[in-house]
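S.K.: Residue numbers (the working numbering), protein chains in the order written: chain A, 1 to 177; chain B, 1 to 146; chain C, 1 to 347; chain D, 1 to 1011; chain E, 1 to 338.
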């Protein structure tokens, strides 16, 4: 929806006043502004995080800026030292292999074959968690992790943001388990 | 007198080097600027172009007592005078084979291409030529004596 | 039945007489015989009746091209150096020419020493010329007072001597290894063209020396030339050596000492040969003229071999083909260049 | 406008600035050349070799720099920046800030002792940080001026006065000046030329390249330094990570070019394809192991320049792997190697590992330059290059300020040099009334006639501070010199080149009545002119001089062997004395100039050149073989920028016809040419004899018409098959028939880049695409297919290509093995071609088939080239004197070329080249006499055999056979003194003045003397 | 009479105080002068060696003096005598024609210290010719195959040894040291007489051209038409001149080498382009025909006019080795016919 609207307006040169902003950039902005207070001390076990740059959001969508924001948020949330970047990265990151309807249309074998590249890339990081800020990527990364025997946990970003959130700047975290 | 000097153990060869003004002579200068050290055997004669060097000149150097000769010019294509080194290349190719044919030792008469930016290469060539000549010992074959 | 050379002699006389009679040429350059067996006299027939003195046999060893430019000049009206050339066509000269001689004529045309239009060339495909020294060796240097030639043999006579020698055995080295016996330019032919000869080891003499060590090569070279008396017969018999002042005659600069000293003699022979590089047709005149039996032809043969190997050309094969040392190709071989061989060594 | 100023400011000391400076200074204008760094030379000085000739860059550039540095009428302002420019054409006030060098340039002798002692190592920007230099440094070994400079950023003393200061202590010339300060100059000039160049694109912005991440990913400029013998690894080609020689190298094209995505540079940088090929070729050559695998990843191979396509073909034959693929990512691999993933044209993913990856980075404008342009009011285009137009290729938006080189658009060296001359011409056009008003001229006393005197030789032995004296026993050498024959004076000096010693030397020459001088010091290449000038000041001919190089070629290279070095110094002095004894006074040759020009060909090039000269007051004879002006351009519709050609052409022709200085001969050809630079005499077919000082050949070319053979494509058989120019004709007539068409197909490279015509015609891609766009704009519903081999819309023309694609024009690539097939069924055209992307045959039914056919040289160019003794390429175009640095000169002095007879090119390049040719011709026409070489060949007619070897080996046609005497004669106006004839002559009949065999032999013999 | 063994022994003794030379066959089969050591004997081939003996009188080159080319050295421009050959030379197997050439050359070189010094220092032991060769004609020139002119000792070769006859005083002195000489047997005496008789007869009939040529008018000979054809075939090489024992023209040159110099005298030939070339560039003998003519006119007219005999000893070397068969005998006949 987000990308479809963005690209539609762009390609057909439809005049508009929309500004396209990802929630991720807003998270980052709010963290920078101090409106969201996050603290990575929860991650005392040193869970390692890595990331998937969704094509529609980054490469074809809003570009490197949003991907940098994504990393900024993860580092804030999980701790600077616990983030391991992939290579290639940002706009140049690999596609998850599940796009273009592949997840829905039933080409399972092909999809997993394309996904092998993504799997190898993510596995090479040794991360415990892969952040996938796109539902489509999420499902694909989840599937290839399962299929190829990955050890990581595939999640969205907010799951962890919530863990690191400091309510009122003082009394512990919300939803601490 | 000359021979006596040559029989001494600390014999240092004298090598006449005909260097073209635009490339190899400049390369020799650059070797100096860069302080690349090489044996003090060369006696450089500056000529406008390797195409200026004739067989007669090379033989004259040997006849005068040079232990070796080096002729060096611009790399093919770099000639300041468009094509001088191309003609030189043919003259020298034929001459070098010929001199070796009549028994002049390979290494007595040498040719190289050295550009103005190849200071180190110049020093390398100077060393190589000197060591070749040293191995051969003092020139005798075409040295005029009286 | 006349021998081949007798037939050629007849036809040559006929053609020369015709050329002289008809006024097509002012003179005809050929050979006549003289007082010593096996030595022929280059001869200029100036009148039709002179043609009868022309003779062709296996002892015509000197290259007639050598005589052509001065002979042609002798028929030009005298003029000062900067006077314009005389108007109208100049007298022509007829000449007999074998393969190598004709190739030297080509070189002379290329080098601006004569005009092709001014010579009428009677081509003779060469069967090879006899080396007088080989004959002398064959009879152990006994005195020879007469030699009679058949197509394939020589009958040699002297005080207490009578011997038949196989002709091919005493043919000059250059003729034995000759690849191009046919004239490359001619106006008329006597006899047929025989085509290029397939010689497998035309450079064998050169290769044998190449295979020696440097020391042995020097030994060979010096012993070959040590008898040289600096008479310059080799130079003067050579159609390439037409400089009014040869480098040996120069005193400013003094390239080479003028006397009989080993180094100077060596340099004379090196430079004389080198000056022929790419121009020499291996006609063998130098060697034939040498009174001391020096085989200086091997030097020019070596140069001929290298020029052929390196640049793929042989002298005088056509007027259009450039002389190899006055031209170049971008990708001429340069393995001999130290800085290039460095590359090779490291490979 | 009142009388303009006779001086010009040039900003930027790269090859373009230097060329413009030399052109102007040599034709009567005073030049201020402002360079930001400590030495001129620009980017070209950093290159190893140049394409397509593989010339050594430093070797060919250096002489120009030295000339610039020594020029009496060029004021070199290094370490300087322009602050402001006020005023108008003819009179600009310029403020320049000259930053402190901290080294007195009058004193510095560039011995390098300072840098040797300087403790502070700094990354060397000249090597792009790959190597180190000191805080006191020389920008590069051949730097001009050859003076050290202190980098205040890093100098320990300047940061903390009192500390360090070693350089000051060791400097033998007392040249260090820590108190140096910035100076401001107010310059008053008539015109300004901006030659600010480019900077290489910084690929760290493009993360996929891994640049900055992986050590073995380098930019192409860095790789130049790695290849260069003067670079950080002395030409050994090492990769940065482990200093091993790379065995397998990849080049990635279009890094920072043709990339509207991340690099934001939509334009093509024009030069990268060629330099990548060059680097690959050189890497293979350089390699010590001899087996370097080179792979070039590219989109379109753009080898559209003269000799480029042949270079490309040769590179392919030599085994360089060209992969048409866009690389996705560089991945790290073991041993610091790099893995490259790419999709081939077949769509298959492949992977390859390399030791080294070179990023062929594009050219962009430096932000500092953008700021300066902004401050000066110079408009930049959307790509941040100086905005120019096709008809005014070197004019900026501000009148009187001109631009040349890569500042206006990415371009190669010859194009930059051409524009530099063109910019110089524009300045001259404004300022010509003030020619020679501000220039200086050196005056010398009359020379003493020394012919009859026996040699009286003076020997000056230089200590060069301690540069020589610390190794060579200079006193012993001086004493020794006294004993040599002919020597009547010998002296040792601390610095022979210092001003006071020079003055003293002049006095000694007079007092001792010396008639020969030997200086034993450094290299004649830098110092000979200085000492020769001293001889002239002392009233003797400057050719009575020799140098013995006892520094660069002795003391500096035998530092640990003082005895041997001293012996060698004596030998060198003895050799120089032996040589100088034979030196004779030589004439300062010159040829008086007929101050008018002949321009052959009245196309755009000829018209422009004629006008450019006539506007400066030089009479011009313009010869055109056809009976009207305009040439090839009469068939053009518009430039790639959209300007209409015909109206421009009419205007141009009108101006020519109206110009009283131009004498037009229509329907006329050149019959015969004699004479040489300054004094040509040309016979025209109409019987006129023209005397002229210079000539410009602009005879154009023609369009290849594929009437038969392999490239016919039914041309001339089906009425709907056109060449580009024929379609232009229909555009010019505004043919309504074009609007209703459904489909058009263009076939590129018809008759270009094929075995019988192996060059690229350069203009056709842009032309065809522009036509396609025009068709599409006329009728947006028209389907248009471009069948191409490589799209070569170089430079800013790339935007057209992008536009065409965005308009929906379809591009299908073909290659020589798979040519499009054109047939006809019942009058309708059928085009079949294989589309490699979809891997399928495509059948098209165009209403219009346009053949982008080759530009081919005219057949009669050969005749003309013979008349002017000019060379031709194997393709049949005229061959300039030097592909890189003399793009509009012929090897024959005084003859210049412009336009299509040189090589196919668009109208803007033709105009620039025509102006450049006019500028070069102006060098001759602006003076009363042109200097000619003094050291020339001379024939001894008595020895000459007339064998003509000399005439054959002379590259300048300076030796000819005298028709009467049949002896060689030398035309001293043409002779350059190379001596190829001398070495070729068997009878020593031809020799070089002062470089004859006797003299060289005297030196050789002297070298061998026992003592 | 010495048998070969004693002869060899004698030579061996002499070689302590003399440098001995004689004709030997080279590896190329030709007879040439060679140093004989340790009692080596010359090869008893008939005919003359390739080179004449003028090399010993008129060395190629002769250093006249040496000098330093460095004016500021102590020995600056001081001329010094070259170190000269010390031992006297003995030439063995000299043919009478060659020996006679020394006498002829001595005429113009009467005052030449170098030539005369060499002559003093050189002893000639000649071998009488028992049979002329086809190219020999000494008898025409005033010589004889058994002539004594110029020799110190004349020897007749017999099968078992040689018969030695002293000709000069110094020859006699030399012979005294030969020691073990034996008297001639009758047969040997007869043999020697036979040689004396028969040898001249084996040669062409005497013509005595010298007096006849002296009588001829110079210009008539000079303008004779046959010179043209002669010069047509000549290649102007120096073979005839350099092999000729009586060609004595020389040129002089200074040579420098590594700071030293010397003045040398070396053979010149009237065939060569530098011969009589003036400093102005003019050469009175600039054309081939003039050079060819000069050689023969000098030998057969100018020399006899000045000194009496022909400047030719009839050794036949030029006839034998001229590459174009120019035959001086023919020339003589042509001249005599005028």
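Positions of the beta carbon are idealized from the N, C-alpha and C atoms, including for glycine. Treat the numbers as computed from the prediction; the structure is a model and nothing was measured.
1) By the 10 Å Cβ neighbour count, where 16 or more other Cβ atoms means buried, how is residue 264 of chain D classified, buried or exposed?
2) With residue 788 of chain D as the anchor, note down where its beta strand (DSSP E) starts and where it stops.
3) Name, please, each residue of chain B whose Cβ falls closer than 9 Å to the Cβ of residue 262 of chain E.
4) Can you tell which of B/82, B/130 and B/23 has the C-alpha that lies nearest to the C-alpha of residue 119 of chain B?
5) Does chain B have any CB closer than 7 Å to the CB of residue 310 of chain E?
6) Using DSSP with H/G/I as helix, E/B as strand and the rest coil, what is residue 771 of chain D?
7) Near residue 158 of chain E, what residues of its chain come up, given a Cβ to Cβ distance below 7 Å and the 5 sequence neighbours on each side ignored?
8) Would you call the region 281-301 of chain E in contact with the region 86-100 of chain E, where contact means no fewer than 3 C-beta pairs closer than 8 Å?
9) According to DSSP, is residue 26 of chain E helix, strand or coil?
10) Can you list, in chain order, the stretches of the beta strand (DSSP E) that have 3 or more residues and sit fully within the region 366-451 of chain D?
11) Quick one: is residue 16 of chain E near chain D, going by C-beta distance under 7 Å?
12) Output yes if chain C places a C-beta closer than 7 Å to the C-beta of residue 266 of chain E; else output no.
13) Would you kindly report the start and end of the unbroken beta strand (DSSP E) that includes residue 834 of chain D?
14) Residues of the region 262-285 of chain C in Cβ contact with chain D at a cutoff of 8 Å, in chain order, please.
15) At 7 Å on the CB atoms, spell out the chain D contacts of residue 75 of chain C, in chain order.
16) For residue 112 of chain C, tell me which candidate among C/75, C/78, C/70 and C/146 has the shortest Cα-Cα distance.
17) Give the residues from the region 287-312 of chain C that approach chain B closer than 8 Å (Cβ to any Cβ), ordered along the chain.
18) Tell me, please, whether the CB atom of residue 332 of chain C is closer than 7 Å to any CB atom in chain B?
19) Going by DSSP in three states, residue 764 of chain D sits in which element: helix, strand or coil?
20) Taking Cβ-Cβ distances below 7 Å as the criterion, which residues of the region 525-547 of chain D are in contact with chain B?
21) For a contact meaning CB atoms closer than 9 Å, what does residue 262 of chain D contact in chain A?
22) Could you tell me the distance, in whole angstroms, from the CA atom of residue 49 of chain C to the CA atom of residue 123 of chain C?
23) How long is the line joining the alpha carbons of residue 649 of chain D and residue 891 of chain D, rounded to whole angstroms?
24) Which first and last residues belong to the alpha helix (DSSP H) in which residue 31 of chain C is found?
25) Which two residues bound the contiguous beta strand (DSSP E) that contains residue 73 of chain B?
26) What residues from chain B crowd round residue 316 of chain C, counting only those whose CB sits closer than 9 Å?
27) Alpha carbon to alpha carbon, how far is residue 344 of chain D from residue 842 of chain D?
M.R.: According to the structure shown:
1) exposed
2) 783-788
3) For residue 262 of chain E, the C-beta contacts it makes with chain B under 9 Å involve 146, in order along the chain.
4) B/23
5) no
6) helix
7) 188 and 191
8) They do not touch, by the three-pair rule.
9) coil
10) Listed in chain order, the complete beta strand (DSSP E) runs (minimum 3 residues) inside the region 366-451 of chain D are 401-403.
11) Taking Cβ atoms only, chain D never reaches closer than 7 Å to residue 16 of chain E, which makes this a no.
12) yes
13) 828-835
14) Flagged, chain order: 275.
15) Neighbours of residue 75 of chain C on chain D: none; closest Cβ ~16 Å, over 7 Å.
16) C/70
17) Answer set for the region 287-312 of chain C: 299, 302, 303, 306, 307, 310 and 311.
18) It does; some Cβ of chain B falls within 7 Å.
19) helix
20) 525
21) 63, 64, 91 and 92
22) 21 Å
23) 31 Å
24) Note, residue 31 of chain C: premise wrong, no alpha helix (DSSP H); beta strand (DSSP E) at 27-33.
25) 68-73
26) Under the 9 Å cutoff, chain B gives no residues; its nearest Cβ is about 17 Å from residue 316 of chain C.
27) 21 Å
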